[in-house]
């Protein structure tokens, strides 16, 4: 015997789903080796069908750039700056500085299109600290982003202004001395 349930039909011009307002999350730590947990979160969310963008501002060495994103599965685009090396100093060549600015401009443009639900901006705090990306521009970007987009900011020495607007702050600390 099979039972049947009659479901009421909805006749409304309003959409059935509402987008939830996105959060600004900060992951910060005094050392630079904590990206794995953020990437695991991005992969998990992408695996559930949510479009994710990961931008690594200070990682280079593979000649990638935003023109050649790595696609992990169907829903995760991963972009590294088109740099010949990983950046650990504010002293960049003119070509490196142009590449970083181009990636920042591209990131803002793509996020404003609203196609990604989660955007990870890796080591953004260091790019700000090194004077490579303006803190004021980042604050303006976060305020004007599409409201449904979650943003994760990572890096040590996160500026207080970004901590002040964050919905969630995760500070990773070592529990022992090596």
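In our numbering, the protein residues as written are -1 to 176. C-beta atoms are modelled at their ideal positions from N, C-alpha and C, and glycine is treated no differently. Being a predicted model, the structure only gives us computed values, none of them experimental.
Excluding the 5 residues preceding and the 5 following residue 70 in the sequence, name in chain order all residues of the same chain whose CB lies nearer than 8 Å to its CB.
41, 44 and 76
Does the distance from the C-beta atom of residue 124 to that of residue 56 stay below 9 Å?
yes
Residues that residue 53 bridges to, as DSSP identifies them:
Residue 53 pairs with 77 and 119.
Using 10 angstroms around the beta-carbon of residue 50, count the other beta-carbons present and answer buried if the total reaches 16, otherwise exposed.
Classification for residue 50: buried.
Got a sec? Which residues, its chain only, sit under 6 Å from residue 128 by beta carbon, not counting five neighbours each side?
88
Can you list, in chain order, the residues of its chain with a C-beta nearer than 7 Å to that of residue 165? Leave out the 5 residues immediately preceding and following it.
21, 22 and 23
Limits of the unbroken alpha helix (DSSP H) element including residue 94:
92 to 110
Measuring straight from C-alpha to C-alpha, what distance separates residue 52 and residue 74?
7 Å
Could you check what DSSP says for residue 46 in three-state terms: helix, strand or coil?
coil
Would you please state the rounded distance, in angstroms, between the beta carbons of residue 144 and residue 110? I believe it to be under 8 Å.
7 Å
If you draw a straight line from the C-alpha of residue 35 to the C-alpha of residue 139, how long is it?
25 Å
Establish whether the CB of residue 62 and some CB of chain D are separated by less than 9 Å.
Within the model displayed, chain D is absent; a lone protein chain is all it includes.
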